[in-house]
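The numbers in UniProt numbering rise by one with no breaks, and the one at position 155 of the sequence shown is 155. Glycine is no exception: its CB is placed at the ideal position from the N, C-alpha and C atoms. Note that the structure is predicted; figures quoted are calculated from it, not measured. Accompanying notes for the structure given below.
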Amino acid sequence: MVEESGRRKRPNILVTGTPGTGKTTTCTALAEATQLRHINVGDLVRDKNLHDGWDDELDCFVLNEDLVCDELEDQMEEGGNIVDYHGCDFFPERWFDCVVVLQTDNTVLYDRLSRRGYNESKLSNNIECEIFQVLLEEAKESYPEDRVIAMKSDTIEDINRNVSTLTDWVRNWQPTS
Ligand code: ADP
Ligand code: MN
1 MVEESGRRKR PNILVTGTPG TGKTTTCTAL AEATQLRHIN VGDLVRDKNL HDGWDDELDC
61 FVLNEDLVCD ELEDQMEEGG NIVDYHGCDF FPERWFDCVV VLQTDNTVLY DRLSRRGYNE
121 SKLSNNIECE IFQVLLEEAK ESYPEDRVIA MKSDTIEDIN RNVSTLTDWV RNWQPTS
């Protein structure tokens, strides 16, 4: 596998996982600890209109993959980003030095998502997504396996431990060329 981190001086990390697994909470804390830039793709899509309209069935924007990738290319090339999104197969493989997949126990996730006010069909879609480890499979299919890491995110202690593990990883990261 060809290393393609190019000339970035700081790594790019993708944090993915089913909605509610704690991506945004984790990324916010990690950005604070490392001074990397947190990019919440969902917010970006909404704020910059990088979508093809609203999907009534899935109750979310239909993200336009080309618009999103064009928008992020320069920053990603520069390095030092933490990208937060519940999908990963459409980002260029060369963008990321580490792909983190957060995972949460089903019953814990169910409570979090009902607290968020998700309707019954959105709830069961997401719980199913978590049961079948859809995001972990997607990450493993889209990135070299040694760059993909699954992390448990059931409790605040899990978040603290994950953030500290990743902060150490960022501090020790070195450009390859
Ligand atoms: P995501 O960005 O993956 O959708 P969030 O970070 O927004 O998830 O978290 C959703 C909700 O669940 C928030 O209220 C957050 O405080 C809570 N939460 C997320 N991860 C954990 C965790 N590991 N332990 C306790 N609460 C969590
Ligand atoms: Mn989020």
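Collapsed DSSP secondary structure at residue i in the structure displayed
i      : result
Trp173 : coil
Gly53  : strand
Asp84  : strand
Asn40  : strand
Leu58  : coil
Leu166 : helix
Leu72  : helix
Lys152 : strand
Thr25  : helix
Gln133 : coil
Closest Cα partner of residue i within the set the options
i      : options               : result
Pro144 : Met151, Thr155, Pro92 : Pro92
Tyr160 : Thr28, Asp52, Glu128  : The question names Tyr, but residue 160 in the sequence shown is Asn. Of the listed residues, the one whose Cα sits closest to Asn160 is Thr28.
Run of the alpha helix (DSSP H) containing residue i, from where it starts to where it stops
i      : result
Asn119 : No alpha helix (DSSP H) contains Asn119, which DSSP labels as neither H nor E.
Thr104 : Where Thr104 is concerned, there is no enclosing alpha helix (DSSP H), given that its DSSP letter is neither H nor E.
N-terminal and C-terminal residue of the beta strand (DSSP E) that residue i is part of
i           : result
residue 196 : Any property of residue 196 remains undetermined from this structure, which presents the chain solely from 1 to 177.
Handout entry: Cβ pair count under 8 Å reaching 3, the stretch 153–170 against the stretch 93–109
Key = yes
Problem - Segment contact flag, the stretch 144–164 with the stretch 25–36, C-beta cutoff 8 Å, min 3 pairs - result: yes
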